[in-house]
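One structure below.
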Amino acid sequence: MPATESATSAVTSHPPAPSAEAITHFASLLAFETDCADVHQALDTGAADFVLLDVRSPDAYEAAHIDGAVNLPYGRIVERNLAGYPTDTVFVTYCNGPHCNAADKAALRLAELGRPVKKMIGGMTGWLDEGYSLVESVSDRGIEHR
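Residue numbering for the sequence shown follows the working numbering, beginning at 210 and increasing consecutively.
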């Protein structure tokens with residue numbers, strides 16, 4: 210049914226923000242977040258200028274993770290465990306997906322330690338939704354495959 214002048218949808222019942230406010234908002238989001246496609250492209254082309262941090266448990270990481278990711282559970286993010294990285298190293302955190310907030314907890318810890326950080330939105334769920342592969346452990350055979 211075509212929209213009429215008097216009909217208002219739930220989408221437009223609250224009008225969009227003015228352009229200047231939208232610019233500030235969306236630019237801000239991009240300062241805090243990146244997505245799976247951008248991370249994949251950087252890793253795939255060798256242009257990764259960040260450390261991809263899998264902040265899930267070691268068991269979850271061992272079962273499956275993004276190739277090139279470093280495992281550091283969010284509860285273990287302390288200066289001692291970051292000492293090997295220059296202070297200007299950009300970290301990109303990820304966890305299981307939108308239903309998990311470990312990536313947010315990790316990003317908060319990194320920021321509190323003065324480290325530059327972004328969160329990869331979507332996490333493992335988003336990575337798989339994009340069709341990207343994981344490194345998976347086949348524990349009974351002791352091998353990894355992609």
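Yeah, the Cβ is synthetic: ideal placement off N, Cα and C, and Gly gets one too.
Residue i burial status per 10 Å Cβ neighbour count (16 or more: buried)
{"i": "Gly351", "result": "Only weak support is given to the placement of Gly351: the predicted model assigns it a pLDDT of 44, under 50, and the value that follows is read from those uncertain coordinates. Result: exposed."}
{"i": "Gly332", "result": "buried"}
{"i": "Arg285", "result": "exposed"}
{"i": "Arg289", "result": "exposed"}
{"i": "Leu291", "result": "buried"}
Below-7 angstroms beta-carbon distance, residue i vs any chain B residue
{"i": "Asp338", "result": "Protein chains in the displayed structure number just one, and chain B is not present."}
Sub-7 angstroms separation of residue i and residue j beta-carbons
{"i": "Val299", "j": "Pro325", "result": "yes"}
{"i": "Thr302", "j": "Ala320", "result": "no"}
{"i": "Thr217", "j": "Met329", "result": "no"}
{"i": "Val264", "j": "Ala219", "result": "no"}
{"i": "Val279", "j": "Val248", "result": "no"}
Whole-angstrom distance between residue j and residue i, CA atom to CA atom
{"i": "Val207", "j": "Thr254", "result": "Absent from the model: residue 207. The displayed extent of the chain is 210 to 355, so no value can be given."}
{"i": "His274", "j": "Glu345", "result": "7 angstroms"}
{"i": "Leu262", "j": "Thr221", "result": "38 angstroms"}
{"i": "Glu230", "j": "Ser237", "result": "11 angstroms"}
{"i": "Lys327", "j": "Pro227", "result": "26 angstroms"}
{"i": "Pro267", "j": "Phe235", "result": "34 angstroms"}
{"i": "Ser342", "j": "Ala256", "result": "18 angstroms"}
{"i": "Leu239", "j": "Ala272", "result": "30 angstroms"}
CB-CB length for residue i against residue j, believed under 8 angstroms
{"i": "Leu252", "j": "Gly277", "result": "5 angstroms"}
{"i": "Gly335", "j": "Thr296", "result": "At roughly 29 angstroms, the Cβ-Cβ gap does not stay under 8 angstroms, so Gly335 and Thr296 are not in contact."}
{"i": "Glu339", "j": "Ala246", "result": "6 angstroms"}
For residue i, the residue or residues it bridges with in DSSP
{"i": "Phe235", "result": "Note: Phe235 sits in no beta bridge, so no partner."}
{"i": "Asp263", "result": "Asn280, Tyr303"}
{"i": "Met329", "result": "Thr243"}
{"i": "Val344", "result": "His274"}
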